[in-house]
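Peer 1: Protein chains in written order, with the numbering used here: chain A, 2 to 218; chain B, 4 to 462; chain C, 2 to 258. Ideal Cβ placement from N, Cα and C applies to all residues, glycine included.
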């Protein structure tokens, strides 16, 4: 079908013919009224309070143990757990011990263009992230499969301590704008709605529980 | 359903008589106003507003360059970009895409532009099931209604009404508990997500520099509508462009706060294109339909800055008129103060002659607008356009007489005193029915200030 | 300090006591007050109704009534408006906003635009703003045993950015108890011709405002705009709500008598 590009561009040119180009004076300063220190502890404390405010939980540890413990606590023998391969690489022994008591599948098990019903069975997902943002308690994902994390009820996230940045200003930079692939995805707490009488309900379409573990390698 | 904004006077009278509507709306909007204010406490609103406005001014002043840059980037990312000047054209293209993939079911996330295009009923006429998956949108779709708010579509409905609706349409138990109702919707819609072949979404921003579409939401339904499908179609307006990836640092900070009082919404998807070689899921095709539908006619007019709007809905929540009559009164998919601009400016001033007047001009909308649109000033100048367009002999006579009186202080005083005499005799009620139906007239004094002043000076 | 008193048309004709009180207050704080008698109306009714041409003519008449004032025969000296020294002060946030914020927009194509905006618009002040910013609030002393709440008119609050000034004045009055109105920033529903074009919406807003006023337990609802008060008072009387509505100039004048 032929589109209307030229007609629309013609109308725009006509409308703007007597105007000169305006260039915004972009001011790089931070709009935050109280600045945040760059050390991990301050960023961590801000991140966990922001995430807690929207109903998420945060841990910090030298290994994955606290996270795997909560996976065990919140699931049962019949639970299907999806684990991204990156997590297995971080802690092969931890994940294989989890696999002893739970049904575990890995992202490498998925074929390209897999049937989406295959992943609808996973109630819990353990996923890696590329960054976390202290200012807002936000987790940034860039994974080879996006559906498992979007369909599950519980989302467990493993974040390297060094991936924690202070503010949004650090995310919306060249380093992140040049990502490869189809998408970059931000999660700030559980899926939620206030569409019925403004009452907050979590777990509408996506995860009801979101847990983040920062590990210091 | 079409545009009903010509009938504003009948529509709003019907709405204002619903006492539960006013109670629901008051509660919901005042709560939204409070959480908005709280969310801006730790951040410099004026700075963000100035920056957001400046960036939008830059974008609109070079809209063709930025659209062009966006198209190049998006096509480089393997998106298919389609420009549609009219609603018909946009609808036809979406239908074409759906048919060429033999689509039976479409999952849709919230988008004002698709509402504007009446896209869902159109697709359903062609036998394609198109399901709204945002909870509020799903509720109004089930009810056979239209959304009454830009960001909270079912704001006019009580939990009891929703429970009855779910009972009738889905066979759910009659339980007005919001968590129960939400779980019911999740159950039904999950099946739709798993069977749909195509997803439709809007876009909050399109980034010219990178070709990304930014989709902001809270429920996760947009994430699913754009991920669990073979084909993803983005339908949005040509004004949604922002120049740079880095500009998101400003817009992401104002959008969530302005719309729902959140520092950040639960989900933000930056969609760059279809599935890439190293990915295992995601759509095989991404289409972007850029809709004009009246937008370009604002360029070069004094109302150009109305194109800055990012559809946050903050002006609706603070508007005392909206709070009393609700979104359906406006007879347009765009209600509230911004709707009273967008509706006449996009769809024709003669189609909405009363909307610019449906404001007390309190200016609260302008105060909270994150992109600095002087909403109430635009309403004022639209009033002039409407007066010129739609002659009213009575009104013309009233204001001609007003002018004549005000230009002659003697005549002015004489009329004022005559008014006082009539007022004291109770004879003004007949000509001031608009006032006296619900209010008393003031007591009319024997002397005006100027005559008191004159007497005082002489003595 | 010399003040050219600006009296909105409906204050002049319907609420003269507001203007008398304003005059008294201005003299109390040491101003020499002149009332240019050719003034009529700021033009706002026509402007807000979309009749810009009519509004422009009336606005120009108003501007001239001040800028071309040459004194009356009874005045011994020629009281000519000096835009470097003199001020235009009126008991209305709304009409002042018209003169200061909307004249520049309405008159922008007028050849005298520059002059008007410099000599006239920038010299126009609302009463409480003038006393706070120009005179100094400590010049005003009053005493009155009364409990009041304050209604911010939208034009005072959002066009003139006057918020703290009237509160500072009221709380200086000895014996006066001030109670803040819940949702004080919400419009009362007057809105000029809006109040008669959409009376049902307008009074629904008044109802809301008075509900909030009752919560305060105050005797008097005070405002710097008579128009809002006329609307609220009209609704209250129709609905049998007992409340007093007073312009801030009236409360100030009572407190110094």
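Using a Cβ cut-off of 8 Å, which residues of the segment 35-63 of chain A contact any Cβ in chain B, in chain order?
Peer 2: Residues passing the 8 Å Cβ filter: 35, 51 and 55.
Peer 1: Check the C-beta distance from residue 206 of chain A over to residue 224 of chain B and give it rounded, since I have them as a contact under 8 Å.
Peer 2: Rounded, the Cβ-Cβ distance is 5 Å, consistent with contact.
Peer 1: Counting only Cβ-Cβ distances shorter than 9 Å, please list the residues of the segment 155-170 of chain C near chain B, keeping chain order.
Peer 2: Taking 9 Å as the Cβ-Cβ cut-off against chain B, the residues of the segment 155-170 of chain C that qualify are 155, 156, 158, 159 and 160.
Peer 1: Hey, how far is the Cα of residue 432 of chain B from the Cα of residue 391 of chain B?
Peer 2: If I take the Cα positions, the gap works out to 30 Å.
Peer 1: Considering only residues of the same chain and omitting the five flanking positions on each side of residue 166 of chain C, which have a CB-CB separation below 6 Å?
Peer 2: Same-chain partners within the cutoff: 129, 130 and 133.
Peer 1: By Cβ distance, which residues of its chain are closer than 7 Å to residue 252 of chain B, with the 5 residues on each side in sequence left out?
Peer 2: For residue 252 of chain B, where only same-chain residues beyond five positions count, there are no Cβ hits under 7 Å.
Peer 1: So what does residue 152 of chain C bridge to, in DSSP terms?
Peer 2: Answer by DSSP bridge pairing, in chain order: C:224.
Peer 1: Excluding the 5 residues preceding and the 5 following residue 409 of chain B in the sequence, name in chain order all residues of the same chain whose CB lies nearer than 7 Å to its CB.
Peer 2: Same-chain partners within the cutoff: 415.
Peer 1: Answer with yes or no whether the minimum CB distance from residue 187 of chain B to chain C is below 8 Å.
Peer 2: Answer no: the Cβ-Cβ gap between residue 187 of chain B and chain C never drops below 8 Å.
Peer 1: Residue 241 of chain B and residue 298 of chain B - do their beta-carbons sit closer together than 8 Å?
Peer 2: Result yes, Cβ atoms of residue 298 of chain B and residue 241 of chain B sit closer than 8 Å.
Peer 1: I'd like to check one pair, residue 221 of chain B with residue 194 of chain A: are the Cβ atoms closer than 8 Å?
Peer 2: For residue 194 of chain A and residue 221 of chain B, yes; Cβs fall inside 8 Å.
Peer 1: If residue 270 of chain B and residue 187 of chain A are in contact, beta carbons under 8 Å, what's the gap, nearest whole angstrom?
Peer 2: Indeed they touch by this definition, with Cβ atoms about 7 Å apart.
Peer 1: My understanding is that residue 249 of chain C touches residue 225 of chain C, with C-beta atoms under 8 Å, so please give their C-beta distance in whole angstroms.
Peer 2: Between residue 225 of chain C and residue 249 of chain C the Cβ distance is about 5 Å, and since that is below 8 Å, they are a contact.
Peer 1: Could you please tell me which residues of the segment 184-216 of chain A, in chain order, have their CB closer than 8 Å to any CB of chain B?
Peer 2: Flagged, chain order: 184, 185, 186, 187, 188, 189, 190, 191, 192, 193, 194, 195, 196, 197, 198, 199, 200, 202, 204, 205, 206, 207 and 208.
Peer 1: Tell me the DSSP secondary structure of residue 147 of chain A in three-state form.
Peer 2: Note: residue 147 of chain A maps to coil in three-state DSSP.
Peer 1: Please determine, among C:257, C:109, C:83 and C:207, the residue with the shortest C-alpha to C-alpha distance to residue 264 of chain C.
Peer 2: As displayed, chain C neither begins before 2 nor continues past 258, which places residue 264 of chain C out of reach and without an answer.
Peer 1: Given that residue 65 of chain C touches chain B, what residues does it touch there, using C-beta distances under 7 Å?
Peer 2: Those within 7 Å of residue 65 of chain C in chain B number zero; the least Cβ separation is about 10 Å.
Peer 1: Kindly indicate which residue of C:140, C:144, C:145 and C:168 has the alpha-carbon position closest to the one of residue 153 of chain C.
Peer 2: For residue 153 of chain C, the nearest C-alpha among the options comes from C:168.
Peer 1: Hey, out of B:382, B:88 and B:211, whose CA is closest to residue 8 of chain A's CA?
Peer 2: Ranking the options by Cα distance to residue 8 of chain A, first place goes to B:88.
Peer 1: Under 9 Å between beta-carbons, which chain B residues line up against residue 235 of chain C? List them in chain order, please.
Peer 2: Residues of chain B passing the Cβ test: 438, 439, 441, 442, 443, 444 and 445.
Peer 1: Mark residue 2 of chain A as exposed unless 16 or more other C-beta atoms lie within 10 angstroms of its C-beta, in which case mark it buried.
Peer 2: Looking at its Cβ environment, which holds fewer than 16 other Cβ atoms inside 10 Å, residue 2 of chain A is exposed.
Peer 1: Using Cβ-Cβ distances below 7 Å, what residues of the segment 207-224 of chain B are close to chain A?
Peer 2: Cβ contacts with chain A come from 213, 221, 222, 223 and 224.
Peer 1: Taking the alpha carbon of residue 33 of chain A as the point to measure from, which residue in B:280, B:50 and B:146 has its own alpha carbon closest?
Peer 2: Ranking B:280, B:50 and B:146 by Cα distance to residue 33 of chain A puts B:50 first.
Peer 1: Less than 8 Å between the beta carbons of residue 116 of chain B and residue 205 of chain B, yes or no?
Peer 2: Yes.
Peer 1: Step through the CB atoms of chain A and report whether any lies within less than 8 Å of the CB of residue 167 of chain B.
Peer 2: Cβ-Cβ to chain A under 8 Å: no for residue 167 of chain B.
Peer 1: When DSSP builds the beta bridges, which residues end up paired with residue 58 of chain A?
Peer 2: Beta-bridge pairing links residue 58 of chain A to A:212.
Peer 1: Is it the case that the Cβ atoms of residue 291 of chain B and residue 96 of chain B are separated by a distance below 8 Å?
Peer 2: Contact: no.
Peer 1: Please state if the CB of residue 158 of chain A and the CB of residue 130 of chain A are separated by a distance shorter than 8 Å.
Peer 2: In contact: residue 130 of chain A and residue 158 of chain A (Cβ atoms closer than 8 Å).
Peer 1: Just to check my reading of the structure: residue 174 of chain A and residue 64 of chain B have Cβ atoms closer than 8 Å, yes? What is that Cβ distance to the nearest angstrom?
Peer 2: Going by Cβ atoms, the distance from residue 174 of chain A to residue 64 of chain B rounds to 25 Å, so no, they are not a contact pair.
Peer 1: So which of C:200, C:161, C:158 and C:146 has the shortest CA-CA distance to residue 176 of chain C?
Peer 2: Among C:200, C:161, C:158 and C:146, the Cα nearest to that of residue 176 of chain C is on C:146.
Peer 1: Under the three-state reduction of DSSP, which class applies to residue 129 of chain B: helix, strand or coil?
Peer 2: Three-state result, residue 129 of chain B: coil.
Peer 1: Would you call the segment 303-312 of chain B and the segment 340-359 of chain B in contact, with 3 or more CB pairs under 8 Å?
Peer 2: Counting Cβ pairs under 8 Å, three or more are found: they touch.
Peer 1: Let me check understanding here. Comparing Cα to Cα, which of C:237, C:127 and C:116 lies closest to residue 445 of chain B?
Peer 2: Per the Cα distances, C:237.
Peer 1: Please identify, using Cβ separations under 9 Å, the residues of the segment 108-135 of chain B that lie next to chain A, in order along the chain.
Peer 2: Flagged: no residues at all.
Peer 1: Just to confirm, is the Cβ distance from residue 55 of chain B to residue 257 of chain B under 8 Å?
Peer 2: Result yes, Cβ atoms of residue 55 of chain B and residue 257 of chain B sit closer than 8 Å.
Peer 1: Can you grab the Cα-Cα spacing for the pair residue 107 of chain C / residue 57 of chain C, in whole Å?
Peer 2: Going by the C-alpha atoms only, they are around 7 Å apart.
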